[in-house]
Structure formats: C-alpha cells, structure tokens
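Asks: 274 is the number that the UniProt record's numbering gives to position 274 of the sequence shown; each next residue is one higher, with no gaps. We put the beta carbon where it would ideally sit given N, CA and C, even for glycine. Since the model is a prediction, treat every value here as computed from it, not as a measurement. Below is the structure I would like to discuss, written out as structure tokens.
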Amino acid sequence: MSLPLKKSTKRKKKDSDKTAGVTEDNTQTQKQKPKVGENKEDTTQNEKKKKAGSAKPSTTRGSSKAPIVSPDVEKVVEKFVKHATESGIEALRGESREVLELRPTPDSYKTFSTMADRNRFPEIQCIEETRIILEQNEPNTNTYIHANRVKLDKAERVYLLTQGPKENSIEDFWRMIFQEQCAGVIMLCNYYEDGMQKCEEYFPTENGGYKYYGKMFVNNKKVDHLDQHDIYTLEILPDGCSNSILTRLAHCTTWPDKAVPSSGRMVLRLLKWMQSLDANAAVTIVSGAGVGRAGTYIAIDQVCNRLFKGFEASVREVAMEIRKQRAHAISNELQYFFIYSTVLDYIRAKIPKYHNVVSKFYSELSQAI
C-alpha cells in the first residue's frame, strides 16, 4: 500500500503551500535588502543612535520577518528539534512501539462490555474512569456514550474524543454536546470510508435546515468554508428547554482512515481555526473510532501549545497521556511520525532558522517509511 507521505515528496515546488507532513517546504527566507542610496559612512552619530534605539530584538537569524520568541520558548524548541532530528528514525520508531503497547486492562472498561449495541467497534474499548456519563433527566434514559474526556497537563482546553455516531446514538451525541457545553466539534472522518460506514449523518448540512433527533433539536444556522473544510454553526436545544447553545462544527474530509493527510499544513490551519473557539470550553473530536485521527490531532495541538508557551514537550509523553484516557488513541506508527513532522512544520514556520534541519528530517523520514 502506498503511503500518502511518500507520494507527496514528488510534488513540484509550486505546490509547497500544500506540503505533506514529511514533505520539504522549498520556500526560502528572504534576507532584507539595504535601502537604495543608503551609505553607512555618511550616517551621522545621531542617526546611528536612533537606529540602534529603534531596532527590534529577534531570536532568529537571517529573517527580518520571523516572529520574536522568548528565550524560554527558544530553549525548549531547540531541545525538541534536536531530539526529533538527531535521535534517528529507528529511535522514534521505538518510541511509537512503546506507545502502541499501552492498552487498557479488562477491568478498566466494564460498562463498555455491557453496551455492545452502542459501540461501533468491539475492539475499541471505552475506559470507565474517563468516559462521559450522560445525565438521566427521565427514568430509563440511557447514560452511556462511547466517548472519553481527555484533560492533559498544562492544557486549558478539555477534549471529548468519540466515535462516529451510530443511528441509535445520535440523540445521545447531541445530549453530550449540550451537557458539556461544547464550543466546537471537529469531525475528521467521512460517513463512508473504504466501503464501510464510519459515521451516521447526525446533523442537517444545509443552511437553514433543522431536525429533531429524539428530543434534541439541531438547527443549521450558517455554513462557511475554510480551505477544504465545511464549517457549520449549529443551534442545539433539548425538548422542553428554553436556552439553546451554539456550537461550531468543522468537517475535514481529507484525512484517510488509519493514515495521515496529504498535508500537515491542513491540520495546522484547522488547529488555528479551533483557537478562535472559547479556550475554556470543551471541544469534541470525532473520527470513525474516535482514536487514531482524533488522538493524533490533539497530540499535535498539545505539543505545539506546550512548546510555544515555554514548556518542554515530548511526543511520547503526550501520546501516552492521551492513550491512558482514550484507549487506542494514535493508532499506528505512521500517525505517530505525523505528530513529529507536523510539529516540526509548525516550528519551521515560526522560526525559519530550523528550515534546513527540518527538511533533512523530512528526507530521512520519507526514505524510512
């Protein structure tokens, strides 16, 4: 089976804005040219002092356009880049094996075992300790949904990772969104993939469309577009309740199951859009099983956030932290490598001096996979 990452390395330079996670970005940082007619020897002492006083410090070299980063950020980023690019691909492969070997014990998913009809995949367990328990407003109302709350160290935002809703769990999905007051939903799967249904159609996609799912009313108030993504503004209102909530749903259709997108930049743009949502509100991440793509997505978000807040960040530690709360999150080696490559892509965009070393890493990774 051909890998998307490997294929992308053959793209022409003019397509570098759609670079894959391990594809080299050929955009070179331009050095600032001196002003026409400027003669340093004719510059007066006062002019020199004025220029010196107005000069802005920069922690990057060779780029007047590079954003300024603090010494703390520079330090942790340098350490991350050094680990990623100098450890070697086999060492990173060893990390991924260690992460993938972390699996839940049979006594950690008791409720899951009794709710087979509400689980999309019997081999993807829902951890008891972190699962979302739906409020029971009426007798005999279901309280189970295959979703886990993931709260990570140094993170303001709480993530809810869940499978693609089944026909019998659509109402429960919207009960969860309303109960947890979710500011957004990131949908990373298609309804059908490789001939298999991965998600039921669980919201009206037409602007102005509305529908009842059991006792949950969902009203599509607006449809926008972001690159390849459709962005829906949805009003959620339980039957008998007078106060609705608004949530925004971004649907990404270009991330294949058990693989990675053709562009790491696409994921970074989606993460940037997510930053526009209330940072203190939960965001729900939906994929087929709610583990591979969903786990990879929040791992990228967390590593980038930690680094640029001046905290040390380890892909291995973040991935393990996620997997302990959502079983099987980040499903394979390819997705694990994609975390590294996309974070490095983000670093290179923020601090261009890392361009060459990151490009070399991409080349080595493309050959290894």
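Assuming Gln-335 is part of the beta strand (DSSP E), what are its boundary residues?
Replies: It is not in any beta strand (DSSP E) - Gln-335 instead sits in the alpha helix (DSSP H) that spans 333 to 350.
Asks: Here's a check: name, in chain order, each residue in its chain whose Cβ is nearer than 7 angstroms to the Cβ of Arg-93, leaving out the five neighbours to either side.
Replies: Only Glu-333 meet the Cβ criterion.
Asks: Excluding sequence positions up to five away, which residues of its chain have a Cβ less than 6 angstroms from the Cβ of His-328?
Replies: Excluding sequence neighbours, His-328 sits near Ile-124, Val-291.
Asks: Are there 16 or more other CB atoms within 10 angstroms of the CB of Ala-279, so buried, or fewer, so exposed?
Replies: Answer is exposed; the Cβ neighbour count stays below 16.
Asks: Do Arg-326 and Thr-130 have their C-beta atoms within less than 9 angstroms of each other?
Replies: Yes, the Cβ-Cβ distance between Arg-326 and Thr-130 is below 9 angstroms.
Asks: Per DSSP, what kind of secondary structure is His-355 in: helix, strand or coil?
Replies: Here His-355 sits in helix by DSSP.
Asks: Cα separation between Thr-85 and Leu-237?
Replies: In a straight line, the C-alpha of Thr-85 is about 49 angstroms away from that of Leu-237.
Asks: Distance, Cα to Cα, Ala-368 vs Ile-89?
Replies: Computed Cα separation, rounded: 7 angstroms.
Asks: With a Cβ-Cβ cutoff of 9 angstroms, do Ala-313 and Val-158 count as a contact?
Replies: Their beta carbons are not under 9 angstroms apart, which means Ala-313 does not touch Val-158 by this criterion.
Asks: State yes or no: is the C-beta of Ile-298 within less than 9 angstroms of the C-beta of Leu-161?
Replies: Cβ distance < 9 angstroms, so Ile-298 and Leu-161 count as in contact.
Asks: Quick check on Ala-289: buried or exposed, where buried means 16 or more other Cβ atoms within 10 Å of its Cβ?
Replies: By the neighbour-count rule (16 or more Cβ atoms within 10 Å), Ala-289 is buried.
Asks: Would a C-beta distance cut-off of 9 angstroms place Ser-287 and Gly-195 closer than the cut-off?
Replies: The answer is no: Cβ separation not under 9 angstroms.
Asks: My output table needs one value for Gln-367: the three-state DSSP class, helix, strand or coil.
Replies: DSSP places Gln-367 in helix when its eight states are reduced to three.
Asks: Should His-225 go down as buried or exposed, given a rule of 16 or more other Cβ atoms within 10 Å for buried?
Replies: Exposed: under 16 other Cβ atoms inside 10 Å.
Asks: In the DSSP assignment, find the unbroken alpha helix (DSSP H) run with Phe-112 in it and report its ends.
Replies: Taken as a continuous stretch (DSSP letters only), the alpha helix (DSSP H) holding Phe-112 covers 110 to 113.
Asks: Taking C-alpha atoms, which residue in Tyr-144, Tyr-192, Arg-269, Phe-337 lies nearest to Glu-95?
Replies: Checking every option, the nearest Cα to that of Glu-95 belongs to Phe-337.
Asks: What ranges does the beta strand (DSSP E) occupy inside the region 65 to 96, keeping only unbroken runs of at least 3 residues that lie completely in it?
Replies: Complete beta strand (DSSP E) runs here, min 3: none at all.
Asks: Taking Cβ to Cβ, would you say Arg-175 is nearer than 9 angstroms to Met-216?
Replies: Cβ atoms of Arg-175 and Met-216: closer than 9 angstroms.
Asks: Using a 10 Å radius around the Cβ and a threshold of 16 neighbouring Cβ atoms, would you call Asp-107 buried or exposed?
Replies: Burial call: exposed.
Asks: What does residue 382 pair with, by DSSP beta-bridge criteria?
Replies: Nothing in the structure corresponds to residue 382, since the chain is present only between 1 and 369.
Asks: Please check the pair Cys-252 and Leu-188, which I expect to be a contact at CB under 8 angstroms, by giving their CB distance rounded to whole angstroms.
Replies: Confirmed, about 5 angstroms.
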